[in-house]
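S.K.:
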Amino acid sequence: MDFSGKFIVLDGPDGCGKSTQAEMLRKWIASQGVEVVSFRDPGGTEIGEKIRDILLDTTNHKMGVRAELLLYMASRAQLWHECIEPALKAGKCVVMDRWLSSTCAYQGYAGGAGIETVIKIAETSLERVWPDAIIVLDVDLATAAKRMQRELDRMELKGDAYHEKVRQGFLKLAKFVDCVNIVDARQEIEAVHKDVIKIIEKRINRK
Ligand code: TMP
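Right, here's the structure in full:
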């Protein structure tokens, strides 16, 4: 299996365990003999980290969904330009912690901007819209809450109704975007990892 130049995303609601799974996936791909780099979205660049701070700052309670959407997109455009594109061109495998799928679920579906509108904006803002594979780690609110025993940021503070819609947004996206796959993340860490690998093997072999 050749992971060289492959672009893989782990995504899902807050508390789904995606950072743990991204790290396990990164190690597994590296063990296949390919150089892997990981970035977080929003963030990953100096400019992107500043945008991230604005987005997650709990005092920015006046932020509307359009500004929110465009800031996430701006951070992503910079990350592509500075980090992702050069890494893919150098033959590395890129494993992302979140991507456009999050904007579709959070701002598009839960925030009400519309998933189609988010995709249209992405098509004019990003050089590459969809990766080779997106794995969405699906988790219910109660399980997610147990995993988030810390101070919450501006997005995490949006409340249960919003976060239930985020989950539904991810599930909807998987129905019409081919590269999006759902994994049941309520399972134990190792079982989730095995499911992630199964999907990645199928996706990468297909190319
Ligand atoms: P993180 O905590 O997973 O790094 O993500 C930061 C927060 O931003 C998280 O609550 C999800 C949210 N988010 C969006 O609302 N839209 C987006 O496009 C992205 C990438 C993240």
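Residue numbers for the sequence shown follow the numbering used here, so the first one is 10 and each next one is one higher.
Just so it is clear, CB atoms sit at the ideal spot from N, CA and C, and this is done for glycine as well.
Going by Cα to Cα distance, which pick from K203, L109, F179 and E160 is closest to D141?
M.R.: Counting from one through the sequence shown, the residue named residue 141 turns up at place 132. Among K203, L109, F179 and E160, the Cα nearest to that of D141 is on L109.
S.K.: In whole angstroms, what is the alpha-carbon distance linking I93 and I143?
M.R.: Residue 93 sits at position 84 when you count from the first residue of the sequence shown. Residue 143 sits at position 134 when you count from the first residue of the sequence shown. Straight-line Cα distance between these residues: approximately 15 Å.
S.K.: Can we say the region 142-156 touches the region 184-195, given the rule of at least three CB pairs closer than 8 Å?
M.R.: Yes, the region 142-156 touches the region 184-195.
S.K.: Less than 9 Å separating the beta-carbons of L182 and A99?
M.R.: Here residue 182 refers to the residue found at position 173 of the sequence shown. Here residue 99 refers to the residue found at position 90 of the sequence shown. Result no, Cβ atoms of L182 and A99 do not sit closer than 9 Å.
S.K.: Run the CB neighbour count on I198, radius 10 Å, all protein chains shown included, and call it buried at 16 or more, exposed below.
M.R.: On the sequence shown, position 189 is the one that residue 198 refers to. Exposed, by the Cβ-count rule.
S.K.: For V145 and L78, which I take to be in contact (beta-carbon distance under 8 Å), what is that distance rounded to the nearest angstrom?
M.R.: The residue you call residue 145 lines up with position 136 of the sequence shown. The residue you call residue 78 lines up with position 69 of the sequence shown. So it is not a contact: roughly 19 Å between Cβ atoms.
S.K.: According to DSSP, I143 sits in a beta bridge with which residue or residues?
M.R.: Translated into the one-based positions of the sequence shown, residue 143 becomes position 134. Looking at the DSSP assignment, I143 forms a beta bridge with V18 and V189.
S.K.: DSSP beta-bridge partners for R49?
M.R.: Against the sequence shown, residue 49 aligns to sequence position 40. R49 is bridged to D106.
S.K.: Alpha carbon to alpha carbon, what distance is there between M157 and K174?
M.R.: Looking up residue 174 in the sequence shown gives position 165. Looking up residue 157 in the sequence shown gives position 148. Their backbone Cα atoms lie some 18 Å apart in a straight line.
S.K.: Mapping the DSSP letters down to three states, classify V127 as helix, strand or coil.
M.R.: Here residue 127 refers to the residue found at position 118 when the sequence shown is read from its first residue. Correct three-state label for V127: helix.
S.K.: Quick one: using the 10 Å Cβ neighbour count with 16 as the cut-off for buried, is K184 buried or exposed?
M.R.: Mapped onto the sequence shown, residue 184 falls at position 175. That one is exposed.
S.K.: Can you tell me the Cα-Cα spacing of G120 and C188, whole angstroms?
M.R.: The residue you call residue 120 lines up with position 111 of the sequence shown. The residue you call residue 188 lines up with position 179 of the sequence shown. Looking at the two C-alpha atoms, the distance is approximately 23 Å.
S.K.: Return the residue from the list G178, G57 and E210 that minimises the CA-CA distance to S84.
M.R.: One-based indexing of the sequence shown puts residue 84 at position 75. Nearest option by C-alpha distance: G57.
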